[in-house]
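J.: Before we start, here is the structure in question, set down as C-alpha cells.
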Amino acid sequence: MRVCILTRGDIFPTDHGAAVKIVRTATHLSRATAAPVSIVTEDRDHYLRFDGERVERVPFPPRFRAAEEWPGVERMGRVAERLCGRLGYPQEEHFLYRPLFDPAWTMRAVEVGRLEGIDVYQAEFPGYGVPAALAARTLGALRRARGGTGPISSIVQHNVEWDRLAGFGHDVRWIRRAERAALQRVDHVIAVSTDDRDRMVEAGVERHRITVIPHGVDAVPFRAASGEGIRERYGISEGAPLLFFHGTLDYWPNTEAVRFLVEQLLPRLLRSHPDARVLVCGRNPPAYYAHPAVVLAGSVEDLPAHVAAADVCVCPVFAGGGTRMKLLEYMAAGKAVVSATKGAEGIQYVEGKDLLIADSPDEFTAAVAGLLDDRSRRRALGAAAARFAFHYDWSAVAEGYVRVYEGDGVAEDWNQRLLARSPRVPPAPVRPVPVQRLELPDVAAHLPAESSPSKPLTMLLLVNRGCNLRCSFCDLWEEHVHMPFEQILPLLDDAAAIGTRTLVLTGGEPFLHPDLFAIVEAARARGMGVNITTNGTLLDRRWDEVVASGVASLSFSIDGLEPTHDGLRGQKGAFRRTMAALERVVDHGGLSPSVYFTVTSTNVHELVEVFERVHALGADFDFWPVNDAEDLYLRSRADREAFLAAVDHIGTKLPAVAARRAYYAAGLAYHAGEAGPVRCLGLVDQFGVKYTGEFLPCCVWDGAGLVLGNVNETPLRELWVAPEVQAFRERMFHTGCDAGCFNHSLYEFEVSTGLPAPVGTTTAAR
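Residue numbering for the sequence shown follows numbering that gives the first Met the number 0, beginning at 0 and increasing consecutively.
Here is the structure:
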C-alpha cells in the first residue's frame, strides 16, 4: 500500500503541532506499510518521499513542471485566493483552503500518483480533501481503463475547522457548507477525537464514514530525555518549582494559555511558592505577556529535554479542537500534568489517575500547588501518565490508518484498541555516575593475536542464596542470604572502572533480593546493561519494578514440559507460571527474553518441543548438558541419540546451533567421563562474584580451586590485575580447568580464539 499525503508545506522545521503530526504520520505509515509515503504541498517544483526517518525531495518531471505554468492554471490559483475570502476564511489561513479550488493541487496529486503508484490519497485538513478526491477519481479512471483498480481518498480532521473558526468569531455559514461538501467527496473521514466526530455527525456527515484515530506521540525520546543543563541555560535555580508549557504561541488558544499563566495562575501561585517559575517554549512568543517569573524561550530543538526539566507540566487551553499532542508529550515524559478540560480533549484519560483537570483559576492553582508540595503524588501521577501515553505511540496509531484503508476497523473509535494493548513503557532515565576508567595492562595478551572479544566484559553476580523452588540439580535454595547493597555499590564502581559493560544478576532466585532493582539502577548509572536470570515464577509480584527498572533482558530457566519441569523444580505449577512470565515479557516488547534449557536424562526427549514453543513466541533459546550432576547425565544410547537429533533439528532453525555441533558432542563425552579439562575466557571476557564476595573466573560457584580472592577484602580493581590472577588466566588458556562445566562459555572461547575449548576430549561420543 502506497500513501500520498496532501498537506501544508510548513512541516520543516517540525516546531508546531500540525507539522509534528504530519511528519510522524508519514514516517510511521511508511514503516507500517513497508513502502515510501509521498507528501504533496504547495511546492510546485518538488514533492517529498518519506522512507522511515529518511526524507527525500523529489523533483517533478520538467514537462509536468511546465504544465503547472499554463496561464489557465495560474489564473485559477488567483481565483482560488479570492474564493477563500468570499467564503469567509481569515486571510492568514487562506493557504490551508486554496486547494479547494486550485487545479494545480489536483495536477500535482495525479502526477505523484502516477509516479509512485499511489493507492491512498490522505488529505490533512479538509482544504486538501477536494484535490485528494479528484486525484483518486482521475487516476482511478485511468487504471480501470487498463483493468486495474483506483486509489481511495480520505480527510484527516485535525479539528472540526468550522467550529474552530466560529469559536474565534468568524461567520462560518459558507465555510461549513464547503467543508461538509469536501467531507462527502472522500471515501473515509478520520476524526482525531470522539467530540470532533460527534460535531461532524451533527453537521450531516454520516457516522458510518467516520473513524476516530487520535494523534500520537513519539514516546521514547520524551521518556529517555534528561533535563540536565536546562535550568542553568535560563538562569532558573535548581530548587525553584518549575512549570512547563509549549505550543505555537501565535495560535490564539496557546496565546490565551500564556495570558492565563501570567494573569491568573502566577498571581495566586506566587503567594505560596514565591520562587516558582514558568518555562514557555514555542515560536512567536507573545512578548507583551512578559513576566519576571516566566521564561519565553521561543522555538527549541531539544523539546524533550525542556519537558524533562519541569516539575509539573500545564495545559491551560480553553479553546480549539482535536487532540493536544503537547499533553501526550508531557505524559510520555512521565510528568504530572494539570490541564483544562478542553486541553485534554481527544484522549480517554481517567481524571485523578492519569492527569488532573481544573477549569477555574483557583482550581488550577490549587492542583499545581498541591503537586509541587507532594513529591510522591507527583511521581505516582507521572508514572501513570507515562503508562497512559505509551498507548498512543505513533507506531500503534499508524496501524489504525492501515486498518481503515484495508477495510478493517472502519467507523470505530481507535482509542479503544490502543488502550486495550499493553503499553511498552521504557524505563525512566538514570543520572549517570562518573566513572574513572583504569589504565590496565593487557590481560588478554596471552591469547592468539587474531583473537577477538566474545562479548563485552561481563560480571556474573550471584546476588543471593535462596530460592522459592527446590531444583534437584541445585543446592542454592537451602538458605536465604542476600549480598548487602552497601557491599554491591563499591563492587559496581570497581567493575565499571575495569571496563565492565554487562551485569548478569543470578542466584538463588534474584527476585527474592529486596534491593534487586536498586542494584539494576546503580549498574545502569555506571553504564552497564543488566540481565536477570530467573525462574520467572515471581515476575508478577514485581512487574511494575521490572518495567520501570531499565533491565535490558531477562533469561528464564525452563527444563522440560510441565510434568518434567515441575518435577525437576520441585514445585507443581512452576512450568505454567514460568511460561506465563515469558509470554508477558514477550508481549511487553521492551525487554529481551531468552530461555536456558539444561539438558538431563529426564528431559532430553522434550528438548525439541520446548524449543518449538519458545521459538514460536519469539524468545531466544540456548541449551547445554547438565553440569556436575552425575545422576542426570546423558549416558544411555537412546538419550545420546535423542540429544544429537535435537541439536540437528534446532540447528535447521538456529544456524548458530548447527555451527556448535562439535561442542555438543564434546558435552556427551563429558557425561561419559571421556572429556579432559576445558578452556574458557573466564577473567578475560567475564568474571564472577559470589554473594559472599568470593571472586571467580565464571559462574561455577562451588568449583574447587576457582576462588581467587574476595572483593570484600581486596578491591576488585586490585584483584583484576593481581599476578596470581593473571597466572590463572594464562593457565586456563594453556591447560584449561576441570571444574565440570559445559555451557556457552566454551563455544564463546572457540568463536573468539578459533581453538577448541575441550583439552584432550575423545570423539567416542559422536
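Positions of the beta carbon are idealized from the N, C-alpha and C atoms, including for glycine.
Please report the distance separating the alpha-carbon of residue 724 from that of residue 553.
T.: 31 Å
J.: Tell me whether residue 379 is buried or exposed, calling it buried when 16 or more other Cβ atoms sit within 10 Å of its Cβ.
T.: exposed
J.: To the nearest angstrom, report how far apart residue 636 and residue 570 are at their CA atoms.
T.: 30 Å
J.: Measure the alpha-carbon distance for residue 436 versus residue 512 and round it to whole angstroms.
T.: Roughly 29 Å separates the two Cα atoms.
J.: Should the segment 454-466 be regarded as contacting the segment 675-691, the criterion being three or more beta carbon pairs within less than 8 Å?
T.: They touch, by the three-pair rule.
J.: Tell me whether residue 352 is buried or exposed, calling it buried when 16 or more other Cβ atoms sit within 10 Å of its Cβ.
T.: exposed
J.: According to DSSP, is residue 747 helix, strand or coil?
T.: Shown here, residue 747 sits in a helix according to DSSP, grouped into three states.
J.: Evaluate residue 236 with the Cβ neighbour count: other Cβ atoms within 10 Å of its Cβ, from every protein chain shown; 16 or more gives buried, anything less gives exposed.
T.: exposed
J.: Identify whether residue 288 lies in helix, strand or coil by the three-state DSSP scheme.
T.: DSSP places residue 288 in helix when its eight states are reduced to three.
J.: Can you give me the start and stop residues for the alpha helix (DSSP H) that residue 229 sits inside?
T.: 229-233
J.: Just the Cα atoms here: how many angstroms apart are residue 677 and residue 754?
T.: 11 Å
J.: For residue 538, count neighbouring Cβ atoms within 10 angstroms of its own Cβ and tell me buried if that reaches 16, exposed if not.
T.: Residue environment analysis places residue 538 among the buried positions, since at least 16 neighbouring C-beta atoms fall within 10 angstroms of its C-beta.
J.: When the distance is taken between beta carbons, is residue 598 closer than 9 Å to residue 562?
T.: Between residue 562 and residue 598, the gap from beta carbon to beta carbon reaches 9 Å or more.
J.: Do residue 506 and residue 461 come within 9 Å of each other at the CB atom, strictly closer than that value?
T.: yes
J.: Flag residue 690 as yes if its beta-carbon sits less than 9 Å from any beta-carbon of chain B, otherwise no.
T.: This model lacks chain B altogether; it includes just one protein chain.
J.: If the criterion is Cβ atoms closer than 9 Å, does the pair residue 527 and residue 567 meet it?
T.: No, the Cβ-Cβ distance between residue 527 and residue 567 is not below 9 Å.
J.: Relative to the C-alpha of residue 0, which residue among 603, 40, 112 is closest?
T.: It is 112.
J.: The alpha helix (DSSP H) with residue 375 in it runs from where to where?
T.: 374-388
J.: Taking 6 Å as the limit between beta carbons, can you name the residues of its chain near residue 242, skipping five residues before and five after?
T.: 277, 311, 313
J.: Report the residue ranges of all alpha helix (DSSP H) runs contained in full by the segment 249-290; include only those spanning at least 4 residues, in chain order.
T.: 251-259, 265-271
J.: In the DSSP assignment, find the unbroken alpha helix (DSSP H) run with residue 40 in it and report its ends.
T.: First-last for residue 40: undefined, no H or E at that position.
J.: Please name the residue or residues paired with residue 297 in a DSSP beta bridge.
T.: Under the DSSP definition of a beta bridge, residue 297 partners with 280.
J.: Would you check if the segment 735-745 and the segment 662-676 touch, i.e. whether three or more CB-CB distances between them fall below 8 Å?
T.: Taking 8 Å as the limit for Cβ pairs, the verdict is that the segment 735-745 does touch the segment 662-676.
J.: Can you name, in chain order, every residue of its own chain whose Cβ lies under 7 Å from the Cβ of residue 145, other than the five neighbours on each side?
T.: none
J.: Measuring alpha carbon to alpha carbon, tell me which of 332, 339, 307, 327 ends up nearest residue 318.
T.: 339
J.: Is it buried or exposed, residue 540, if we count other Cβ atoms within 10 angstroms and call 16 or more buried?
T.: When all chains shown are included, residue 540 counts as exposed.
J.: Evaluate contact between the segment 237-256 and the segment 299-309, counting only Cβ atoms and requiring at least three cross-stretch pairs below 8 Å.
T.: Yes, the segment 237-256 touches the segment 299-309.
J.: Can you tell which of 75, 189, 405 has the C-alpha that lies nearest to the C-alpha of residue 150?
T.: Residue 150 has its Cα closest to that of 405, out of 75, 189, 405.
J.: Between residue 715 and residue 497, is the Cβ-Cβ spacing less than 9 Å?
T.: yes
J.: Can you give me the start and stop residues for the alpha helix (DSSP H) that residue 27 sits inside?
T.: 16-32
J.: Could you give the C-beta distance for residue 638 and residue 603, rounded to a whole number, given that I count them as a contact under 8 Å?
T.: 5 Å
J.: Take every Cβ of the segment 38-47, pair it with every Cβ of the segment 100-114, and state whether three or more of those distances are shorter than 8 Å.
T.: yes
J.: For residue 151, write down the residues that DSSP places opposite it in a beta bridge.
T.: 119.
J.: Curious, which full-length alpha helix (DSSP H) runs of at least 4 residues does the segment 560-586 contain?
T.: 561-568
J.: Please list, in chain order, all residues of the same chain as residue 663 whose beta carbon is under 6 Å from its beta carbon, the five residues on each side excluded.
T.: 646
J.: Residues in the same chain with beta-carbon distance under 7 Å from residue 585, minus the five sequence neighbours each way, listed in chain order, please.
T.: Closer than 7 Å at the Cβ level, and outside the excluded window around residue 585, lie 592, 616, 617, 618.
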